[in-house]
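Here is the structure we will look at, set down as structure tokens.
Number of protein chains: 2
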Amino acid sequence: MPYDPSAFPPFAVTVDLVVLTVRRHALCALVVRRGEPPYQGRWALPGGFVRIDEDLGAAAARELTEETGLHVQGPDDRHTGAHLEQLATYGDPGRDPRMRVVSVAHLVLAPDLPAPTAGGDADSVRWAPVDTLLPPGPPSGDGPDRSGGQSAPLAFDHSRILADGVERARSKIEYSSLATAFCPPEFTVGELRRVYEAVWGVALDPRNFHRKVTGTPGFLVPTGGTTTRQGGRPAQLFRAGGATVLNPPMLRPEV
Amino acid sequence: MPYDPSAFPPFAVTVDLVVLTVRRHALCALVVRRGEPPYQGRWALPGGFVRIDEDLGAAAARELTEETGLHVQGPDDRHTGAHLEQLATYGDPGRDPRMRVVSVAHLVLAPDLPAPTAGGDADSVRWAPVDTLLPPGPPSGDGPDRSGGQSAPLAFDHSRILADGVERARSKIEYSSLATAFCPPEFTVGELRRVYEAVWGVALDPRNFHRKVTGTPGFLVPTGGTTTRQGGRPAQLFRAGGATVLNPPMLRPEV
DNA sequence: GATCATAGTCGTCTGCCTGACGATAAACAG
DNA sequence: CTGTTTATCGTCAGGCAGACGACTATGATC
Numbered sequence: 005m006p007y008d009p010s011a012f013p014p015f016a017v018t019v020d021l022v023v024l025t026v027r028r029h030a031l032c033a034l035v036v037r038r039g040e041p042p043y044q045g046r047w048a049l050p051g052g053f054v055r056i057d058e059d060l061g062a063a064a065a066r067e068l069t070e071e072t073g074l075h076v077q078g079p080d081d082r083h084t085g086a087h088l089e090q091l092a093t094y095g096d097p098g099r100d101p102r103m104r105v106v107s108v109a110h111l112v113l114a115p116d117l118p119a120p121t122a123g124g125d126a127d128s129v130r131w132a133p134v135d136t137l138l139p140p141g142p143p144s145g146d147g148p149d150r151s152g153g154q155s156a157p158l159a160f161d162h163s164r165i166l167a168d169g170v171e172r173a174r175s176k177i178e179y180s181s182l183a184t185a186f187c188p189p190e191f192t193v194g195e196l197r198r199v200y201e202a203v204w205g206v207a208l209d210p211r212n213f214h215r216k217v218t219g220t221p222g223f224l225v226p227t228g229g230t231t232t233r234q235g236g237r238p239a240q241l242f243r244a245g246g247a248t249v250l251n252p253p254m255l256r257p258e259v
Numbered sequence: 005m006p007y008d009p010s011a012f013p014p015f016a017v018t019v020d021l022v023v024l025t026v027r028r029h030a031l032c033a034l035v036v037r038r039g040e041p042p043y044q045g046r047w048a049l050p051g052g053f054v055r056i057d058e059d060l061g062a063a064a065a066r067e068l069t070e071e072t073g074l075h076v077q078g079p080d081d082r083h084t085g086a087h088l089e090q091l092a093t094y095g096d097p098g099r100d101p102r103m104r105v106v107s108v109a110h111l112v113l114a115p116d117l118p119a120p121t122a123g124g125d126a127d128s129v130r131w132a133p134v135d136t137l138l139p140p141g142p143p144s145g146d147g148p149d150r151s152g153g154q155s156a157p158l159a160f161d162h163s164r165i166l167a168d169g170v171e172r173a174r175s176k177i178e179y180s181s182l183a184t185a186f187c188p189p190e191f192t193v194g195e196l197r198r199v200y201e202a203v204w205g206v207a208l209d210p211r212n213f214h215r216k217v218t219g220t221p222g223f224l225v226p227t228g229g230t231t232t233r234q235g236g237r238p239a240q241l242f243r244a245g246g247a248t249v250l251n252p253p254m255l256r257p258e259v
């Protein structure tokens, strides 16, 4: 069939953001309250339309800055900001009742932030622990409802997008050094371990964890300083090293 | 800002397909020759517009069937067709000179097929070894040009999409049982090993490989039959087992 | 100030898995 | 019958992870 430039169906294209951080030993996601229908008053992932001359990654970075004030770090710009990567694209017809919207979801891993009030209304954006936003997960609940929170499901298909983002983060810190994206520029081995524990929802042996991360070349670089942030013996401070892939990977305890 | 349904910029949304198979010990991708500008006469990945009421995955499956006659297997429908998954989305402004096109690329892993002539013109679609379509890869070439083939780069940004798809396939067969998607319904351990060798471009020790795959519970199920397809001693036939993840993973020899 | 609780760091031991590789088995080609 | 090819089974050493003991260095409490 011959090409007809006017024959393509028009779509709206948006970016949605799964912004994750670790706060008080819990994996948290950034959610915004919808001020207008559909799903008015419900929580949703931040996001917005892609501009007509804008790259997808640029749109995601722009939305991130608009909603959180966070900036994204380039590949070589180490730890002045958050990690951003494309997650997946969601385009079910009917996922948005207003029109045909294809959403390119992005995943952001950010260090703990003071408060997500930048740029928007204060109480319409917040960090929510992911286990209050999502059902328990693959192991179907048999016992009584254990969901910790007040949560109605997120708007649109955002619960599924969030679940996919969380799963991506959980698997990615296994075989990459991305867990450091959740940490401040300088951090201790214990802080990094608490990141793994929060993201995976498990307890790790501090001694084996210490051996593993300090024994992996390029993962951690000692800065020379020490600190006491949790009580107890002072700990060495590290920066993220140049290694991006962990080989052999950090093993998640058996499911 | 209030919602204005007419305010979103219109995009064209397409699906592009990275269809991989293993033919004659080489990893091959399906490419089609473009019959019209832009990039007229150049090879490109198969793909097409998403219909206005069509899911992204359905569009990819439809294009696959139209171009190859292949059918996609559902999650429980074991090995009557190919494996399909979403790869990534490419939306640079200017990636298509005609208009703003966002392409949701999908990855298909298929067993070796008789001929890709289904549905289309015979010599405008073919299997091409990926090493004739792509530059050698991360190790930048210092020696003379060693690219095996006649290849001009693929049209649009399809070389990058193909490279991403190949990389996804290479890493995914490490920790999943997806390599069986390249095999016919019944296959031998040696045939499965040749799939790994073709996808990774390395030689594997037959004895260690045999120990690994037969020792991983749920990876392979013996059918009872034996066959001689390569000369030499007859080999046991297997089907793909129910396991989808390989733990511990199949290790790719050091890079 | 002594004692306790909390964290961090270093070691040891055992078991599993992998890579290297020898040996045997079962077909086919001359 | 002999050599070649492929499949399959075994052996052995090294590396790494899990379990866990021991010691260190801080703050909190009595």
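Taken in order, these protein sequences are the chains called A and B. Just so we're aligned: the first sequence equals residues 5 to 259 in our numbering. Just so we're aligned: the second sequence equals residues 5 to 259 in our numbering. From the three backbone atoms N, C-alpha and C, an ideal C-beta is built for every residue, glycine too. Note that the structure is predicted; figures quoted are calculated from it, not measured.
By the rule that beta-carbons nearer than 8 Å mark a contact, A/I165 does not touch chain B.
For the segment 86-111 of chain A, the set of residues with a beta-carbon nearer than 9 Å to any beta-carbon of chain B comprises Q90, A92, T93, Y94, G95, D96, P97, G98, R102, M103, R104, V105, V106, V108, in chain order.
Taking the Cβ atoms as the reference, A/P189 lies roughly 6 Å from A/R243, within the contact range of under 8 Å. Here the C-alpha atom of A/D100 lies approximately 6 Å from the C-alpha atom of A/F160. Distance from the CA atom of B/Q234 to the CA atom of B/R198, rounded to whole angstroms, is 11 Å.
In terms of beta-carbon proximity, A/P42 stays away from the interface with chain B, with every pair separated by 8 Å or more. DSSP places A/L182 in the helix class (H, G or I) of the three-state scheme.
Per DSSP, the unbroken beta strand (DSSP E) holding A/Y94 starts and ends at 87-94. For the segment 180-237 of chain B, the continuous beta strand (DSSP E) assignments of 3+ residues that do not extend past its boundaries occur at 224-231, in sequence order. With respect to chain B, the C-beta atom of A/P13 has a partner C-beta closer than 8 Å. Between B/T93 and A/L111, the beta carbon gap of about 13 Å keeps them out of contact (Cβ cut-off 8 Å). Excluding sequence positions up to five before and after A/F223, its CB lies within less than 6 Å of the CB of S181, V217, G245, A247, all in the same chain and listed in chain order. Put simply, the CB of A/V206 is far from chain B, with every gap to its CB atoms at 8 Å or more.
Proximity of chain B to A/I56 at the Cβ level (cut-off 7 Å) is accounted for by P13, R104, in chain order. At a cut-off of 8 Å between beta-carbon atoms, A/V17 makes contact with chain B. Close CB contacts of B/C187 within its chain, under the 7 Å cut and outside five residues either way in sequence, are with P115, E195, L196, V199 (chain order). For B/F223, no CB of chain A lies under 8 Å from its own CB, so it is not counted at the interface with that chain. Secondary structure at A/T25: strand, using DSSP grouped into helix, strand and coil. Here the alpha carbon of A/H29 sits roughly 11 Å from the alpha carbon of A/W204.
Using beta-carbon distances, A/F213 does not count as an interface residue toward chain B, since no partner is under 8 Å. For the pair B/L117 and A/V134, the Cα-to-Cα distance works out to about 45 Å.
For A/G61, the enclosing alpha helix (DSSP H) covers residues 60-72.
Inclusion of B/A86 and B/D20 in the CB contact set at 8 Å is not warranted, their separation being larger than that value. Within chain A, the residues placing a beta-carbon under 9 Å from that of B/L60 are T93, Y94, G95, D96, V106, ordered along the chain. Neighbours of A/F53 across chain B, judged by C-beta separation under 9 Å: A11, F12, P13.
DSSP, reduced to helix, strand and coil, places B/A11 within a helical segment of the structure shown.
About 18 Å separates the beta carbons of B/V26 and B/L91, which is beyond the 8 Å limit, so they are not a contact pair. B/P50 is the residue among B/P42, B/E258, B/P50 whose C-alpha sits nearest the C-alpha of B/T18. Minimum Cα-Cα distance from A/I56 among the listed residues B/N212, B/I177, B/A16, B/T232 corresponds to B/A16. The shortest CA-to-CA distance from B/A173 to any of B/W47, B/L88, B/P41, B/Q77 is the one to B/L88.
If you draw a straight line from the Cα of A/N251 to the Cα of B/V225, it is about 30 Å long. Judged by DSSP secondary structure, A/V54 falls outside any alpha helix (DSSP H); it is assigned neither H nor E.
If the five residues before and after A/L113 are omitted, its C-beta is found closer than 7 Å to the C-beta atoms of L24, A86, H87, A173, L182, A185, F186, all from its own chain and listed in chain order. The continuous beta strand (DSSP E) containing B/L34 extends over residues 30-37.
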